[in-house]
Each structure stands twice: as structure tokens, then as C-alpha cells.
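Student: Residue numbers (my numbering), protein chains in the order written: chain A, 10 to 301; chain B, 1366 to 1622; chain C, 491 to 812.
By construction, the Cβ of each residue, glycine as well, lies at the ideal position given by its N, Cα and C atoms.
My questions all concern the structure below.
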Amino acid sequence: MLTLILQLLLDGMASGLVYVILAAGLVLILSVPRIFLIAYGQFYMIGAYVVWGATVLLELPYLVSLLLATLITALLSMTSYWLIFRHIHAGEKNFLAMIVAAMGLMLILGQAGLLAFGTSSRGMPAIFTGVLSGADLSISVEKVVIMSASVAVTIVLFLLYEKTKIGRAMRAVACNPEAASLQGIDVTALYLVTMGVSGALAGFAGGMIAPAYGINPEMGNHVILTVLLVVMLGGMNSLVGAVVGGIIFGITLSLGQYFVPDLAQIILFTAIGVIILIRPAGLLGSGVSVDV
Amino acid sequence: MLHVRGLHKRFGGLVALNGVDLDVQPGEILGVIGPNGAGKSTLLNVISGFHPASAGKTRLQNQDITRLPAHEIARLGIGRTFQAATLFPGLSVLDHVFIGCHLDYRTPVWQRVLRLPAARREENVLRQWAEQTIEFMGLGALKNEWASNLPHGHQRVLGVCIALATRPKLLLLDEPMTGMNPTEIQTMTGLVRQIRARGITIVMVEHNMKAVMDLCDRIVVLNFGSVIAEGLPSAIQQNDRVIDAYLGKEDAGGNVA
Amino acid sequence: MSKRTFAEPTKPIALGLGVIILIGLPLLITSNYYLHLLIVAGMNAVLAMTFVLMLRTGLVSMSIAAFWGVGAYTATLLTMKWGASFWLALPLAAIVAAILALAIGALLVRNAAFSFLILTAVLALLTVFVFGNLKWLGGFIGIDRIPPPDPILLPFLPPIPFDSKPAFYYLMLFLLGLAVIFYRALYNSWAGRAWMAIGLNPRLAESFGVNVFRYRLLSFVIAAGTAGMMGGFYAHYIGAINPYAFNIFKTINVHIFAIMGGVQFPLLGPLLGSFVMTLVPELLRVAKEIEPIILGLWYILLMLFLPNGLLSLLQRAGKRSD
Chain A
10 MLTLILQLLL
20 DGMASGLVYV
30 ILAAGLVLIL
40 SVPRIFLIAY
50 GQFYMIGAYV
60 VWGATVLLEL
70 PYLVSLLLAT
80 LITALLSMTS
90 YWLIFRHIHA
100 GEKNFLAMIV
110 AAMGLMLILG
120 QAGLLAFGTS
130 SRGMPAIFTG
140 VLSGADLSIS
150 VEKVVIMSAS
160 VAVTIVLFLL
170 YEKTKIGRAM
180 RAVACNPEAA
190 SLQGIDVTAL
200 YLVTMGVSGA
210 LAGFAGGMIA
220 PAYGINPEMG
230 NHVILTVLLV
240 VMLGGMNSLV
250 GAVVGGIIFG
260 ITLSLGQYFV
270 PDLAQIILFT
280 AIGVIILIRP
290 AGLLGSGVSV
300 DV
Chain B
1366 MLHVRGLHKR
1376 FGGLVALNGV
1386 DLDVQPGEIL
1396 GVIGPNGAGK
1406 STLLNVISGF
1416 HPASAGKTRL
1426 QNQDITRLPA
1436 HEIARLGIGR
1446 TFQAATLFPG
1456 LSVLDHVFIG
1466 CHLDYRTPVW
1476 QRVLRLPAAR
1486 REENVLRQWA
1496 EQTIEFMGLG
1506 ALKNEWASNL
1516 PHGHQRVLGV
1526 CIALATRPKL
1536 LLLDEPMTGM
1546 NPTEIQTMTG
1556 LVRQIRARGI
1566 TIVMVEHNMK
1576 AVMDLCDRIV
1586 VLNFGSVIAE
1596 GLPSAIQQND
1606 RVIDAYLGKE
1616 DAGGNVA
Chain C
491 MSKRTFAEPT
501 KPIALGLGVI
511 ILIGLPLLIT
521 SNYYLHLLIV
531 AGMNAVLAMT
541 FVLMLRTGLV
551 SMSIAAFWGV
561 GAYTATLLTM
571 KWGASFWLAL
581 PLAAIVAAIL
591 ALAIGALLVR
601 NAAFSFLILT
611 AVLALLTVFV
621 FGNLKWLGGF
631 IGIDRIPPPD
641 PILLPFLPPI
651 PFDSKPAFYY
661 LMLFLLGLAV
671 IFYRALYNSW
681 AGRAWMAIGL
691 NPRLAESFGV
701 NVFRYRLLSF
711 VIAAGTAGMM
721 GGFYAHYIGA
731 INPYAFNIFK
741 TINVHIFAIM
751 GGVQFPLLGP
761 LLGSFVMTLV
771 PELLRVAKEI
781 EPIILGLWYI
791 LLMLFLPNGL
801 LSLLQRAGKR
811 SD
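Pasting the structure below:
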């Protein structure tokens, strides 16, 4: 029984850590430029498709494809900020207009992906094969790689956010954009950087899981809802919350789907709902106020 | 009319009110003064229910209003004004006061929803009352202007109008003269007197010493969240503790007339 | 009254003309397909109106589609499992949705505006899963073969059956008309003024006795009831429902309809927005492959240039003529 639970925990960690990366990226966008980017899932999809296209069609090495995917989504994210959100930021009635624009972006990217890569699901040859086992537990090498990469990226992100000058600027702007700009921070440039980093994270996540989990045109839409829940659970302006939320989510889902398959999702969502009722800011968040 | 006992208010670690005891007599104009940060506005906010008290009791006539929400307290007859410009963007002066009459509807709900003649008549009556009040307060000519377009002084007067729309027994004025020029201050002073003449008790937080000395029957002085003196204006002016409190804060820009 | 009125002033001639045109449309448009679009547009218009209702009081609700779904499922269960007449099921669906909203709203509405948004979003996500996981609601496959409404029996006239699009169109028009009249009355009443006050400055409203919580809850309940009613209509019009139709994306689409029209106009805005946004994709049917891209561009461009919706053009024209 113990081994079963440990095994489920392990599997849950793997999926949970992927959510962590996506949640972290979304938290950055929500806290710094404060964009309710419902289109975020599309960057994940694009990352996966680029990796597929580059590896399968162009026959580039996997790591190169992954790098390419990350760069492309970063650029795409920055461009969308530059062309669209930069202007909506400045106007009144921000929030509603922002959601509509984000929805518009989601439609465009979604359809563009569909047109470019077709409507059917794709598979990719696995990059890492084999299974690691020990102490009655087993896990595919793929998942180990995904987990390690996720942990590594998360650590790098934290270092960036906590230790570097840019990270400090991000935190300042997240706290108070006016004060930050008065202190000499170029807020627009910072927003660009943040969007780039978040876009890269999403693309990386997509590219990373592509060989393991396959690709389909709907993956962006599916993932955004889950990531939104994770972010709400952990706290919309907390990176640590994103980590905690992602892991809790992954593990709970994994355990739940084994023991109470039909009810797993309901229980999880209800629990999240209750948590948010008690603490609307999320487990680790601090009240964010958005003017509607 | 109003009795405050042992009122405490803490914001996290900061103590804003430290055991305030206060009595307001019916029909009087009570002034509340004190250096910046003494807790005057906090006192008003707690009394009117916008901040819950950390400890202590507030009683309006014979009713305990300590734990009541702000709108309940308004219903019970305490009206208030706000320090900063607190208005409805995009609405006219008349609209503001008319909306303020919200509490006065007597026709039953279902009649109002169906817009039956009785309900409509009542609306007209209230609208007229709103117009009269605006006239009374001297804003008659401006009744259709957007409130946000009004000069500052007029906005303050409007704030008082709105508070009056609730037909309060007790009116809490939060720095009504701040930012006004001498003419406007004179107007406001006259208005406050007229309001009292209508039988409404007034508690006024104010920095303008001349106005306070002119208008108030009694004065309460706060410092660091406690009452340090209380009495007639002439007595307060000579009170050593009060003078100390203000002198000590003079460097911080305290306003001593 | 000031320029920003409590509900749009109606010019009787324009209104009368509009009503005549709307009633006469099925005579001009015989294509079932376009009638279908109009029916759906009308229904979306009502949903959009509920969005604006709540928005007025400062609440952005992400669970409009959820209550729409509650109404749909309730009405369907009533007619299919308990043999009730559609005409009983419809108001009951509205009532059930409203009661649910009362219970849930009591918990949700007392939170700050942004928390409310998140909570309704969680509710929205939850609702789809609840619908899908309850076998007696048909699970994720849903319920199909939902019967059309019973024929209307009026004295001296043959029964009016619901076997054609025009019949449903008039039913939709009737419900839309009900909603418009009801909402208009509300907006012009003391409740509407209280809502407006709350939306503009809750502190000030509170200071003259407005129970902000109660009025917000009221708007939430009325919105849910209205959405539930349209859900009951929708289920018996389309004939089949499944949980995915009631997801958060549907709610966001409803938001978009209202925003496109202009949320400053609580009745006209949603109406215009819904009808325009139902027609626009139609005009793009020719380029089916790039339709979502053009639609997305349309959203983005409109938000960049007319963030206050199409009706803000009228406002600008009005200002220039002053």
C-alpha cells in the first residue's frame, strides 16, 4: 500500500511540476503587467508544436528544437504585449477590455496553430527511453527528465526573481508600478521582459512534455483552465504559491484519480473553492486589487 | 445623544484609538481637534461603522451601535461626510442628493418595482425634497452640473447635502473646511449653524481653529488616540496640555491658527 | 436628469419601429439557419444583460453560463423525468437558479470584487464537472431528445405548436421582451439607483444607508434567475444539452457580447453586442478557415480603438453635437 501511494505521489509530482512552470509563468504575467492572459495556454501549445515541427519535420536535434520553441514563444509573447496589451494597459476600463483582447489573441493563436499544424493529434518519437526502478517504484526516464528540468527551471526562475536586479525591478513593479517608475525603472521595458520570460516558460513546458504526452490542437485550451485553478489556489501573485499549488494539484489529482476516479476532479475543485472562500487571495497570495 | 466608552482601534500594530470616552449632547456642535495623526478621522470612521472597533462601546441614545455595519448606523440616524472627494463620477448634483434620499421610501417594494402611481408620486416628492435641500445649501444654480466638475468647496457642501438626505439626528463632519478659501469657509460655517438650527446634533472634526472656536459649543481634544482635554472653547485655548500637544507637533506642520 | 441616465432614455418612435421590425422579421427571413442565429442572438442578449446588471454593482461574474446551465438542466429534468409542462418548467428553472444563487451568493458576494471574480470562476469550473459527473444528469454525454415546449392553448385559437423556427423565435422575443421590461423597471427604480451608487462609490453609498451586500446579492440572484430562465428555453429549443456548453468560455463570450455593445448601456449594449457578434462570424463563414483569426483581430482592434463598445460611437457623436 505504501509503495502504491509513493508511486502515485511520484507520478503526481511529474505532472505537478509541469503545472508549476506554467503557473509560475502565469503568476508573473498576473502580478507584473497584470494581464489576465487567458491566451497563455496557446503559448504552451505553440511550444509543443514547434518542438514537434523542428524535430520531426526539420530533423533538428531535440535540444535545439526546445531552444527554438522557447525563443519563439518568448518573442510571440513580447510581440503580443507590444502590439496589444501595451495600449490597453494605458486606457480606462482596463480589465474588461483586457479580457476581450486576451480572448481575441487566444482565438488567433489557436486557429493559427490549427492551420499550421493540422487538426489531428501528433505523436513524437520519445527522446528518452527506458525506465528507472528501485525499491518497488518505477518511473520512466522521460518523466525523470521532465521533473529534473522543471525543478531546474523553477530554481533558475526563483534566482532570477529574488537575486537579480531585474527580478527586484519585477517585484517593485508588482508592488507598485507608479512608485517603481518614479524610482527610475522603465516599466514598459520591464513588462516586455516579463512577458518574454513567461512566454518562454510556457513554450519550454510545452516543448518539454511533447515527446512524453503527445500534442493536440486543444492542449492550450485544456491546460489554461487547470493552470488558472492552480494559480488561484497558490495565490495570484505568489511564485512560491505557484510551486505549492502545482505540486498539490498534481499529487491530489494523481491520488484522487486512482482511489476515487469519478469524484476526483469534483473533490479537488470543491476543496480549492473552499480554500479560496476562506482565503480569497490563495494559500500564499496577498490581496491583489484590480480596478474593474 | 451619543456615548462613546473605552473605544480602542488597532490597525495591526498601530494603535489609532486608545480608550476614547466621549459624550455628545443633543443639539450641540461638538468639535474634535488634535494634531495630525491623533486619531480624529479614525474616531469618526469607527463611530459611523466604517471600521470595526477593536474594543469599547458606542451608544446612540439608548442603542448599542458598536457592532453594527455602516449602513445600519446610517439608518439609525447618523450621517457623515468624508475627507477626500467622495462623489459619484458622472452624476449631477441633484442626482447625488436624490440618490441619498434612498432611505426614505415608504411605499412597499412590490409597488416600487411595478412603478405604480403611488411609488412614482413618492419619487417626485423625494426629488423635490432633494431640490429644496440643494437650494437651502446654496447650490441651487448648479443642480444639473456634474458633481465632479464643481469647485472643491462646492463639492464639500454637496457632501454635507448628501449626508443630510438621510435626515440624520447626528451629523459627523470630517474636516469640512479643508482646502477651502475664506469665503467658502464662511459659507460652510453659516450652513453648519443652519443645520444645527434645524435640530441636528453635529460632531465636527476640523483643523481650522478659528472655525472651531466660532462654531463649537464644546471641544474635545485628541492626541495619540486619547482624549487629553474637553470643555468650552475658551478653556481649551488656555489648556496647557493642549498647547503642548500642538507645539510638539508644530514642526510636523500642525495647523495652529 | 444628467447625461448618464439610469437606463437609456427610449425614444418611443425608435422603440416602436424596432419592435415592429423584430416582430416582422420571420416574415422576411425564411431561412431556418438565419432564424436560428437570431434566436441564439436574442438569448445571448439576455445573458449579456445579466452580466451588465451585476457589473453595475461592481461585480464581474464568471459563472453566468453556470446558472444558465442550472436552468437548462432543471427545466429538462422537470419535463423529461417528471413530465411537467414546459410552461411550468420554465419559471421553475428560473426559480431554482435564483435560489441556488441566493445560497451561493451569500458566501461569494461579501468578498471584495476581485475575490468574487475568482470565486465565481472556480464555481464555473466546478459546475461543468458537477454536471458531467452526475450520471442522472447524463454525465459528460449530456441529455438529448429534449422535447419542444407543449403547444400553447389559447381560447378561440387553434393550439400553437412549437415545430418550426418562427415559433421559437417569437418565444425568444417574448422572453427577451420580458427581460427588457423587467430590467428597465428595475434600473429606473430605487434598486437601480442603489446599484448605480454602489458601482460608482460603495463607501459613499454605504454612508447613506445602502446595504451594499444585500443589493449586490440581489443583482446576483436576479441575474442567475434570468440566466436560468434562458437556460430552460435553450434546452427545449436545441433539444440536447451537455456540460461543456456551460463552461467558463461561454461566460467570457457573453462578457464579450456585452462589452462589444457597450456596458454603459445596460439594455441596448447587450442587445446590440449580441446581435452584431452573432452576425459577424456569419459574414466570415466564407473564409471558414481564418474565421477565428479575423474574429480575434476584431476583438483586439475593437478593444484598442473602442474599448467602451460600439455604442460609444453614439456617445461621441452625441458629444460633438452639443
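Please state whether DSSP places C/I510 in a helix, a strand or coil.
Tutor: Translated into positions along the third sequence, residue 510 of chain C becomes position 20. Three-state result, C/I510: helix.
Student: Residues bridged to B/F1376 by DSSP?
Tutor: Along the second sequence, one-based indexing puts residue 1376 of chain B at 11. Looking at the DSSP output, B/F1376 shares a beta bridge with B/L1379.
Student: Does the contact criterion of 3 or more C-beta pairs under 8 Å hold for the region 261-268 of chain A versus the region 48-57 of chain A?
Tutor: Contact between the region 261-268 of chain A and the region 48-57 of chain A is absent: fewer than three C-beta pairs spanning the two stretches fall below 8 Å.
Student: Taking all protein chains shown into account, decide if C/P637 is buried (16 or more other Cβ within 10 angstroms of its Cβ) or exposed.
Tutor: Counting from 1 along the third sequence, the entry for residue 637 of chain C is found at position 147. C/P637 is classed as exposed because its beta carbon has fewer than 16 other beta carbons within 10 Å across all chains shown.
Student: Report yes or no: is there a C-beta of chain C within less than 7 Å of the C-beta of B/H1416?
Tutor: Residue 1416 of chain B sits at position 51 when you count from the first residue of the second sequence. Chain C, which has no Cβ nearer than 7 Å to the Cβ of B/H1416, makes this no.
Student: Since A/M241 contacts C/I511 with CB under 8 Å, what's their CB separation in whole angstroms?
Tutor: By 1-based counting over the first sequence, the position of residue 241 of chain A is 232. By 1-based counting over the third sequence, the position of residue 511 of chain C is 21. Not a contact, Cβ separation roughly 45 Å.
Student: Per DSSP, what are the beta-bridge partners of B/L1587 in this structure?
Tutor: By one-based count along the second sequence, residue 1587 of chain B stands at place 222. In DSSP, B/L1587 forms a bridge with B/V1592.
Student: Could you check what DSSP says for B/W1511 in three-state terms: helix, strand or coil?
Tutor: Walking along the second sequence from the start, residue 1511 of chain B turns up at place 146. Three-state DSSP puts B/W1511 in a strand.
Student: Use the C-beta contact count for A/L26: other C-beta atoms within 10 angstroms, 16 or more gives buried, fewer gives exposed.
Tutor: The sequence position of residue 26 of chain A within the first sequence is 17, counting from 1. So A/L26 ends up on the buried side.
Student: Kindly indicate which three-state DSSP category B/Q1551 falls into: helix, strand or coil?
Tutor: Residue numbering aside, residue 1551 of chain B sits at position 186 when the second sequence is read from its first letter. Of the three classes helix, strand and coil, the one that applies to B/Q1551 here is helix, per DSSP.
Student: Tell me the rounded alpha-carbon separation between C/A713 and C/F541.
Tutor: Numbered from 1 along the third sequence, position 223 holds the residue referred to as residue 713 of chain C. Numbered from 1 along the third sequence, position 51 holds the residue referred to as residue 541 of chain C. Distance between the alpha carbons of C/A713 and C/F541: 7 Å.
Student: Pull the bridge partners of B/T1423 from the DSSP assignment, please.
Tutor: Along the second sequence, one-based indexing puts residue 1423 of chain B at 58. In DSSP, B/T1423 forms a bridge with B/V1369.
Student: Can you tell me which of B/P1516, B/T1498, B/V1557 and B/R1532 puts its alpha carbon nearest to the alpha carbon of B/D1539?
Tutor: Position 174 of the second sequence, counting from 1, holds the residue named residue 1539 of chain B. When each option's Cα is compared against that of B/D1539, the closest is B/V1557.
Student: I think C/G715 touches C/A556, with their Cβ atoms under 8 Å apart; what is that distance to the nearest whole Å?
Tutor: By 1-based counting over the third sequence, the position of residue 715 of chain C is 225. By 1-based counting over the third sequence, the position of residue 556 of chain C is 66. Going by Cβ atoms, the distance from C/G715 to C/A556 rounds to 13 Å, so no, they are not a contact pair.
Student: Let's test the definition: count the other Cβ atoms within 10 Å of the Cβ of B/Q1497 and tell me whether it reaches 16, buried, or not, exposed.
Tutor: For this step, residue 1497 of chain B is matched to residue 132 along the second sequence. Exposed, since its Cβ has fewer than 16 Cβ neighbours within 10 Å.
Student: Return the chain-ordered list of same chain residues with a C-beta closer than 6 Å to the C-beta of C/R494, the five sequence neighbours on each side being excluded.
Tutor: Against the third sequence, residue 494 of chain C aligns to sequence position 4. Confidence is the limiting factor: at C/R494 the pLDDT is only 42, short of 50, which leaves the residue's position unreliable and the question unanswerable from this model.
Student: Closer than 7 Å by C-beta to C/E696: which residues in its own chain qualify, once you throw out the five before and the five after it? Chain order, please.
Tutor: Within the third sequence, numbered from 1, the residue matching residue 696 of chain C stands at position 206. V702.
Student: Please classify C/W572 as buried or exposed, where buried requires at least 16 other C-beta atoms within 10 Å of its C-beta.
Tutor: Here residue 572 of chain C is taken as the residue at index 82 of the third sequence, counted from 1. With fewer than 16 other Cβ atoms within 10 Å, it is exposed.
Student: Just reading off the alpha helix (DSSP H) that C/L609 is part of, what are its end residues?
Tutor: By 1-based counting over the third sequence, the position of residue 609 of chain C is 119. Per DSSP, C/L609 belongs to the alpha helix (DSSP H) from A603 to N623.
Student: In chain order, what residues of the same chain have a beta carbon less than 8 Å from the beta carbon of C/N691, not counting five sequence neighbours either side?
Tutor: Position 201 of the third sequence, counted from the first residue, corresponds to residue 691 of chain C. Here the set comprises nothing.
Student: In this structure, does DSSP put C/R494 in helix, strand or coil?
Tutor: To locate residue 494 of chain C, count along the third sequence from 1; it is residue 4. Residue placement at C/R494 is poorly supported in this model, since its pLDDT is 42, which falls under 50; the coordinates are not used for a value here.
Student: What is the DSSP secondary structure of C/S802, reduced to helix, strand or coil?
Tutor: As a first step, residue 802 of chain C is located in the third sequence; it is residue number 312 there, counting from the start. Helix.
Student: Does the structure place the region 197-214 of chain A close enough to the region 76-85 of chain A that three or more beta carbon pairs sit under 8 Å?
Tutor: yes
Student: How would you label A/K172, buried or exposed, when you count the other beta carbons within 10 angstroms and need 16 or more for buried?
Tutor: Walking along the first sequence from the start, residue 172 of chain A turns up at place 163. Exposed: under 16 other Cβ atoms inside 10 Å.
Student: Is the distance from the Cβ of B/T1531 to the Cβ of C/G699 below 7 Å?
Tutor: Counting from 1 along the second sequence, the entry for residue 1531 of chain B is found at position 166. Counting from 1 along the third sequence, the entry for residue 699 of chain C is found at position 209. Yes, they are a contact pair.
Student: What is the residue span of the alpha helix (DSSP H) that C/V542 lies within?
Tutor: Reading the third sequence from its first residue, position 52 is the one you call residue 542 of chain C. Counting along the chain, the alpha helix (DSSP H) containing C/V542 begins and ends at N522 to R546.
Student: Mind checking the region 692-720 of chain C against chain B and listing, in chain order, the residues whose C-beta falls within less than 9 Å of any C-beta there?
Tutor: R693, L694, A695, E696, S697, F698, G699, V700, N701, V702, F703 and R704
Student: So is A/I97 in contact with chain C if we call contact Cβ pairs under 7 Å?
Tutor: Within the first sequence, the letter at position 88 stands for residue 97 of chain A. Output row for A/I97: interface = yes.
Student: Can you tell me the Cα-Cα spacing of A/I30 and C/G622, whole angstroms?
Tutor: Residue 30 of chain A sits at position 21 when you count from the first residue of the first sequence. Residue 622 of chain C sits at position 132 when you count from the first residue of the third sequence. Distance between the alpha carbons of A/I30 and C/G622: 29 Å.
Student: Would you mind listing the alpha helix (DSSP H) stretches within the region 85-127 of chain A that are 4+ residues and don't spill past its ends, in chain order?
Tutor: 95-99 and 103-126
Student: Would you please state the rounded distance, in angstroms, between the beta carbons of A/G53 and A/G215? I believe it to be under 8 Å.
Tutor: Here residue 53 of chain A refers to the residue found at position 44 when the first sequence is read from its first residue. Here residue 215 of chain A refers to the residue found at position 206 when the first sequence is read from its first residue. It is worth fixing the name first, because residue 53 of chain A is Tyr in this sequence and not Gly. The C-beta distance from A/Y53 to A/G215 rounds to 4 Å, short enough to fall under 8 Å.
Student: Run through the region 666-705 of chain C for me and flag every whole alpha helix (DSSP H) of 4 or more residues, listed as ranges in chain order.
Tutor: Here the runs fully enclosed are 680-690 and 692-697.
Student: Can you give the Cα-Cα distance for A/S142 and A/S149, rounded to whole angstroms?
Tutor: In the first sequence, the residue the question calls residue 142 of chain A occupies position 133. In the first sequence, the residue the question calls residue 149 of chain A occupies position 140. Distance between the alpha carbons of A/S142 and A/S149 is about 8 Å.
Student: For C/M719, which residues does DSSP report across the bridge?
Tutor: Within the third sequence, residue 719 of chain C is the residue found at index 229, counting from 1. None, per the DSSP bridge assignment.
Student: Counting C-beta neighbours from all protein chains within 10 Å, is the total for B/N1546 16 or more, i.e. buried, or is it exposed?
Tutor: Working through the second sequence from its first residue, we reach residue 1546 of chain B at position 181. Looking at its Cβ environment, which holds fewer than 16 other Cβ atoms inside 10 Å, B/N1546 is exposed.
Student: Measure from the alpha carbon of A/Y236 to the alpha carbon of each residue in C/Y523, C/L615, C/R546 and C/A681, then state which is nearest.
Tutor: Taking the first residue of the first sequence as 1, we reach residue 236 of chain A at position 227. As written in the sequence, residue 236 of chain A is Val, which differs from the Tyr given in the question. Ranking C/Y523, C/L615, C/R546 and C/A681 by Cα distance to A/V236 puts C/L615 first.
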